[in-house]
Amino acid sequence: MDKKVVVIGGGAAGMMAGYFAAKEGASVTILEKNKMLGRKIRISGKGRCNLTNASDLETIINNIYRNGNFMYSSLYSFTNDNLIDLFESFGLKLKTERGNRVFPVSDKSIDVVKTMEKMLDSKNVRVKTSSTVKNIILEDEKVKGVVLSNGTKMMADRVIVTTGGKSYPLTGSTGDGYIMAKKCGHSITDLYPALVGLETREPISEELVGLNLRNISINLYKNGKKIYEDFGELEYRDYGIDGPIIKSASCYMDNFQKNNYKIVLDLKPALTYEKLDARILRDFEKYSNKPFEKSLKDLLPKKMIDYIVYKTGIDRKKPVHQVSKEERHILLGLIKGVEYDIKRLRPIEEAIVTEGGISVKEVNPSTMESKLVEGLYFAGEILDINGFTGGYNLQIAFSTGYLAGINSAQ
Ligand SMILES: Cc1cc2nc3c(=O)[nH]c(=O)nc-3n(C[C@H](O)[C@H](O)[C@H](O)COP(=O)(O)OP(=O)(O)OC[C@H]3O[C@@H](n4cnc5c(N)ncnc54)[C@H](O)[C@@H]3O)c2cc1C
Numbered sequence: 138m139d140k141k142v143v144v145i146g147g148g149a150a151g152m153m154a155g156y157f158a159a160k161e162g163a164s165v166t167i168l169e170k171n172k173m174l175g176r177k178i179r180i181s182g183k184g185r186c187n188l189t190n191a192s193d194l195e196t197i198i199n200n201i202y203r204n205g206n207f208m209y210s211s212l213y214s215f216t217n218d219n220l221i222d223l224f225e226s227f228g229l230k231l232k233t234e235r236g237n238r239v240f241p242v243s244d245k246s247i248d249v250v251k252t253m254e255k256m257l258d259s260k261n262v263r264v265k266t267s268s269t270v271k272n273i274i275l276e277d278e279k280v281k282g283v284v285l286s287n288g289t290k291m292m293a294d295r296v297i298v299t300t301g302g303k304s305y306p307l308t309g310s311t312g313d314g315y316i317m318a319k320k321c322g323h324s325i326t327d328l329y330p331a332l333v334g335l336e337t338r339e340p341i342s343e344e345l346v347g348l349n350l351r352n353i354s355i356n357l358y359k360n361g362k363k364i365y366e367d368f369g370e371l372e373y374r375d376y377g378i379d380g381p382i383i384k385s386a387s388c389y390m391d392n393f394q395k396n397n398y399k400i401v402l403d404l405k406p407a408l409t410y411e412k413l414d415a416r417i418l419r420d421f422e423k424y425s426n427k428p429f430e431k432s433l434k435d436l437l438p439k440k441m442i443d444y445i446v447y448k449t450g451i452d453r454k455k456p457v458h459q460v461s462k463e464e465r466h467i468l469l470g471l472i473k474g475v476e477y478d479i480k481r482l483r484p485i486e487e488a489i490v491t492e493g494g495i496s497v498k499e500v501n502p503s504t505m506e507s508k509l510v511e512g513l514y515f516a517g518e519i520l521d522i523n524g525f526t527g528g529y530n531l532q533i534a535f536s537t538g539y540l541a542g543i544n545s546a547q
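Heads up, the sequence shown is in the numbering used here, so the first residue is 138 and it goes up one at a time.
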């Protein structure tokens, strides 16, 4: 007889699981607490949805910095190419951008959701929105169904939990799945914000807030030891610093009571000290007799000049030809090394993903079935698996969703 499968949560993982369970012949119902499916997908990739990454498998695994090894089976079973083919077969045209990031040609994340709705429709998956699940029903360590918040019981042979993490709770991911899984005997590792902005000890001046710095590099130091470096884009915020390279760095930071973290920016990573010095000397020559602050206008963004000049301690009005060699070296050191002591991560509500989740030790990586409860499956961000930005987190949700879907229908 066809298996009756209930999927809790209609996000990326839940929709993919529902589609493949139905494709394998199961009778599937997705229960989603929001009025609509895929709210997080809608806001992903700044509204463009970077749904996967077109790199090879090893690169993808290397970009899954937490429990990447657990992902081999699901990424082999449902690759990025399989994902691209599936979406294209349902009419969504995709394109690959810098860093192998894959987006819809339309640049609209809503088109990803619409395509997934089409997929679900094609297999007659029942979708019940505004339906919040409260509990999973167990009997003799086997799944029997779920209870909704209004008390309604729904019996099922299999239950797939795809309730996501705790970040961006307005999208519906409020961490309900952790509570339900815990009641089923599962362990939840500590939860932290990941891919999130950083609060600096030094207040950020008003002029800098909103400034984007492109093509800069950062070094991250933990207790004085360099642990990470990256190159790309940074944004100043009123609380500190954010942007793609800062979000990636945030994945390497925890326990701020015990550890000191410092981020050092190199504003001109393409130039060595010597080349930068020669460049500054040329600019000093060009702006000879002009105030020191004016001599930097070819080198730095306008908003950054005030800050760097202030940091050097050199009088901004000083004629540039009077700036001494020592002062020039202070300037050089600052352009190659603006330092920020980091106070803490921004809260989990602002994080792109939740770090931590259901311990992967208790989940079968080839099926996504719980090792503790028969008929219970997990997929997506609820698991203790995390990737960097670049489409890796959605690929994790889709590949684990695929495995949970296929196997729940058996
Ligand atoms: C701003 C932002 C941008 C991002 N951009 C990208 C990107 O471009 N590329 C990328 O790879 N990743 C991106 N991510 C991360 C990615 O979106 C998530 O990792 C992914 O959506 C997780 O999918 P999921 O299905 O596991 O969980 P979710 O998408 O969070 O879905 C969980 C669903 O479960 C529902 N739910 C929760 N509890 C219950 C309950 N009790 N009963 C019923 N339903 C429930 C929720 O309403 C929700 O719809 C982004 C994240 C954010 C916040």
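Glycine included, every Cβ here is placed at the ideal spot set by N, Cα and C.
The alpha carbon of residue 522 has as its nearest neighbour, out of 174, 240, 212 and 254, the alpha carbon of 212. Residue 464 has its alpha-carbon roughly 7 angstroms from the corresponding atom of residue 451. Here the alpha carbons of residue 537 and residue 444 stand approximately 47 angstroms from one another. Of 408, 545 and 527, the smallest CA-CA separation from residue 201 is found for 527. The closest CA to that of residue 406, considering only 370, 252, 493 and 338, is found on 370. Straight through space, the alpha carbons of residue 432 and residue 417 are spaced by roughly 8 angstroms.
C-alpha of residue 328 to C-alpha of residue 234: approximately 32 angstroms in a straight line. In this structure, residue 244 has its CB at a distance of at least 7 angstroms from all heavy atoms of ligand 1.
Secondary structure of residue 273 (DSSP, three-state): strand. Residue 282 holds the alpha-carbon nearest to the alpha-carbon of residue 513 among 256, 205, 156 and 282. Taking each of 441, 457, 382 and 242 in turn and checking the Cα distance to residue 419, the smallest one comes out for 457. The three-state reading of DSSP puts residue 465 in helix, counting H, G and I together. The segment 327-343 and the segment 163-175 do not touch, with fewer than three beta-carbon pairs separated by less than 8 angstroms. A residue is called buried once 16 or more other Cβ atoms fall within 10 Å of its Cβ, and residue 248 is buried on that count. Contact check for residue 333 and residue 384: beta-carbon distance about 6 angstroms, within the 8 angstroms limit, so the pair qualifies. Within the DSSP secondary-structure output, residue 331 pairs in a beta bridge with 490. DSSP, reduced to helix, strand and coil, places residue 396 outside both helices and strands of the structure shown, so it counts as coil. In the structure shown, residue 373 falls within a strand segment according to DSSP collapsed to helix, strand and coil. Look at residue 531: its beta carbon is less than 7 angstroms from one of the heavy atoms in ligand 1. When the five nearest sequence neighbours on each side are left out, the beta carbons in the same chain lying within less than 6 angstroms of the beta carbon of residue 253 are those of 152, in order along the chain. The three-state secondary structure of residue 485, taken from DSSP, is helix. With respect to the C-alpha of residue 447, the residue from 539, 467 and 459 having the closest C-alpha is 467.
Here residue 169 carries a coil assignment [DSSP, helix/strand/coil]. When secondary structure is reduced to three states using DSSP, residue 359 falls in the strand class. Closest option to residue 298, judged by alpha-carbon separation, among 190, 257 and 507: 507.
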